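One structure below.
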Amino acid sequence: MKSKTFTFPFISLLLLLFVVLSVARSYDFFYFVQQWPGSHCDTRRGCCYPTTGINPEANFTIHGLWPNYDNGKYPHDCDYKNRYDATKIKDLLPKMQTKWPTLECPSADGSKLWAHEWNRYGTCSESILDQHSYFRAGLDLQNKANILSILEDANIRPNGELYSTKHITEVIKEALGVLPSIECNRDASRNPQLFQIYLCVDKLGKDFIDCPFYKKRKCSPEIEFPKF
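With this note's numbering applied, the sequence shown corresponds to residues 993 to 1220, in that order.
Below, the structure is given as C-alpha cells:
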C-alpha cells in the first residue's frame, strides 16, 4: 500500500524533472549571422530597398540569431501561440530598420523578416530570451562584432577586389577571439563573393564562443568584396 501511496507523487516529480531538463536543453548555442548588403544586391536576383525610405547602413547587417544543438540540428517553430508582436519591440525598431533590414524583393518595411525570425527561431529561445530580449541581443552582438571595421583595419575593403578567404577568417578570429565561418554567394557574373559571416554565441545571447562544430560552406580561396 505504501508503494501505491507514493506512486503518483513520484511520477509527477519525474515529469516535472523531464520538463525542466527539456527547457534547459531547448538549445545549446546560437548562430549569429551577419551579411554584406553589397553581396546581397550584386546577384542576378538583385535587391530592393525598404519601403520605409530608411536605407541599410553601409555595414554588415544582421540576418538572424538562430538557436542550434551541438549535434548540428536546430529547433524551429517552437511556440505557435507566441507570435511576433511589433508593439513589444517598438523602441528597437529605429535601429532595426538600419541594422536588421530586409533587402528582399518586392520592397517591404522589414516586419515580415522580423516576424519570420521570431516565429521560426526566436520562439525556441523564449525560455531564456523573450521577444524584446531576443532582438536586443542581436543588436548588441552586432555592436560587439563590427565586421566591416575589423576588415578595414586589415586593409580588406569593399572595393570590388579579390581577397583571401583564409585571410578574412584569420583577421576576424584575431579580433574577436573565435573562429568564424564564411559563406559566399555569386555575383551577376557568377564570381564568388563575401556574403555572410557566422559566429557562435552562448545560449544567453551575450558572448561569442568557439563553435561546437564547423559546417562547411562553399567558398573559393579568393573572393570578391563588392561595393555597397
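We put the beta carbon where it would ideally sit given N, CA and C, even for glycine. Keep in mind it's a predicted model, so treat the numbers as computed, not measured.
Is the stretch 1137 to 1157 in contact with the stretch 1056 to 1073, if contact means three or more CB pairs nearer than 8 Å?
The stretch 1137 to 1157 is not in contact with the stretch 1056 to 1073.
Counting pairs of beta carbons, one from the stretch 1208 to 1216 and one from the stretch 1172 to 1187, are three or more of them closer than 8 Å?
The answer is yes - the stretch 1172 to 1187 touches the stretch 1208 to 1216, with three or more Cβ pairs under 8 Å.
List the whole-angstrom C-beta distance separating residue 1035 from residue 1101, where the pair is believed to meet the contact cut-off of C-beta under 8 Å.
Position 43 of the sequence shown holds residue 1035. Position 109 of the sequence shown holds residue 1101. The pair is not a contact, with the Cβ atoms about 22 Å apart (cut-off 8 Å).
Where do the N-terminal and C-terminal ends of the beta strand (DSSP E) with residue 1032 fall, by residue?
Against the sequence shown, residue 1032 aligns to sequence position 40. Unbroken run through residue 1032 is the alpha helix (DSSP H), 1029 to 1033; no beta strand (DSSP E).
Find out if the Cβ-Cβ distance for the pair residue 1123, residue 1071 is shorter than 8 Å.
The count along the sequence shown starts at 1 and reaches residue 1123 at position 131. The count along the sequence shown starts at 1 and reaches residue 1071 at position 79. Between residue 1123 and residue 1071, the C-beta gap is not smaller than 8 Å, which leaves the two residues out of contact.
Run the CB neighbour count on residue 1147, radius 10 Å, all protein chains shown included, and call it buried at 16 or more, exposed below.
Here residue 1147 refers to the residue found at position 155 of the sequence shown. Per the 10 Å Cβ criterion, exposed.
Go through the stretch 1105 to 1167 residue by residue and report every complete run of the beta strand (DSSP E) that reaches 3 residues or more, in order.
Positions of the beta strand (DSSP E) runs, each at least 3 residues long and wholly inside the stretch 1105 to 1167, are given as 1154 to 1156 in order along the chain.
Mind checking which residues open and close the alpha helix (DSSP H) that includes residue 1090?
For this step, residue 1090 is matched to residue 98 along the sequence shown. Segment 1085 to 1091, the alpha helix (DSSP H) holding residue 1090.
Please report how far the alpha carbon of residue 1005 lies from the alpha carbon of residue 1086, in whole angstroms.
Taking the sequence shown and counting its residues from 1, the one referred to as residue 1005 is at position 13. Taking the sequence shown and counting its residues from 1, the one referred to as residue 1086 is at position 94. Residue placement at residue 1005 is flagged as unreliable, the pLDDT there being 47, under the threshold of 50; the coordinate-derived value follows with that caveat. Rounded to whole angstroms, residue 1005 to residue 1086 spans 46 Å at the Cα level.
In this structure, does DSSP put residue 1053 in helix, strand or coil?
Your numbering for residue 1053 matches position 61 in the sequence shown. Residue 1053 falls in the strand class under three-state DSSP.
Residue 1060 bridges to which residues according to DSSP?
Looking up residue 1060 in the sequence shown gives position 68. Paired residue(s): 1021.
For residue 1103, which of helix, strand or coil comes out of DSSP?
Within the sequence shown, numbered from 1, the residue matching residue 1103 stands at position 111. Here residue 1103 sits in helix by DSSP.
Leaving aside the five residues before and after residue 1053 along the sequence, list all residues of the same chain whose C-beta is less than 7 Å from its C-beta, in chain order.
Along the sequence shown, read from residue 1 onward, the residue named residue 1053 stands at position 61. For residue 1053, where only same-chain residues beyond five positions count, the Cβ hits under 7 Å are 1026, 1027, 1029, 1091, 1092 and 1093.
Taking the CB atoms as reference points, tell me whether residue 1137 and residue 1191 lie closer together than 8 Å.
Translated into positions along the sequence shown, residue 1137 becomes position 145. Translated into positions along the sequence shown, residue 1191 becomes position 199. Cβ atoms of residue 1137 and residue 1191: closer than 8 Å.
Between 1200, 1151 and 1194, which lies nearest to residue 1169 when the distance is taken from Cα to Cα?
Mapped onto the sequence shown, residue 1169 falls at position 177. It is 1200 whose Cα lies nearest to the Cα of residue 1169.
Suppose the cutoff is 7 Å on Cβ atoms and the five residues either side in sequence are ignored; what does the same chain contact list for residue 1163 look like?
Within the sequence shown, numbered from 1, the residue matching residue 1163 stands at position 171. Excluding positions up to five away in sequence, the list reads 1142, 1143, 1146 and 1148.
Going by alpha carbons, who is nearest to residue 1189 out of 1195, 1179, 1110 and 1157?
By 1-based counting over the sequence shown, the position of residue 1189 is 197. If we check each option's Cα against that of residue 1189, 1157 comes out closest.
Please classify residue 1046: does DSSP put it in a helix, a strand, or coil?
In the sequence shown, counting from the first residue as 1, residue 1046 sits at position 54. If DSSP states are grouped into helix, strand and coil, residue 1046 belongs with coil.
Taking the alpha carbon of residue 1177 as the reference point, which residue from 1019, 1033, 1024 and 1022 has its own alpha carbon closest?
Reading the sequence shown from its first residue, position 185 is the one you call residue 1177. The candidate whose alpha carbon is nearest that of residue 1177 is 1033.
Buried or exposed: which applies to residue 1205, given that a residue is buried once 16 or more other Cβ atoms fall within 10 Å of its Cβ?
Position 213 of the sequence shown holds residue 1205. Classification for residue 1205: exposed.
Using the rule of at least 16 other Cβ atoms within 10 Å of the residue's Cβ for burial, across every protein chain shown, is residue 1202 buried or exposed?
Start at 1 with the first residue of the sequence shown, and residue 1202 comes out as number 210. By the neighbour-count rule (16 or more Cβ atoms within 10 Å), residue 1202 is not buried but exposed.
With distances taken between CB atoms, is the gap from residue 1218 to residue 1150 smaller than 8 Å?
Numbered from 1 along the sequence shown, position 226 holds the residue referred to as residue 1218. Numbered from 1 along the sequence shown, position 158 holds the residue referred to as residue 1150. Between residue 1218 and residue 1150, the C-beta gap is smaller than 8 Å, which places the two residues in contact.
Can you tell me which residues form a DSSP beta bridge with residue 1190?
Here residue 1190 is taken as the residue at index 198 of the sequence shown, counted from 1. By DSSP's assignment, residue 1190 forms a beta bridge with 1025 and 1173.
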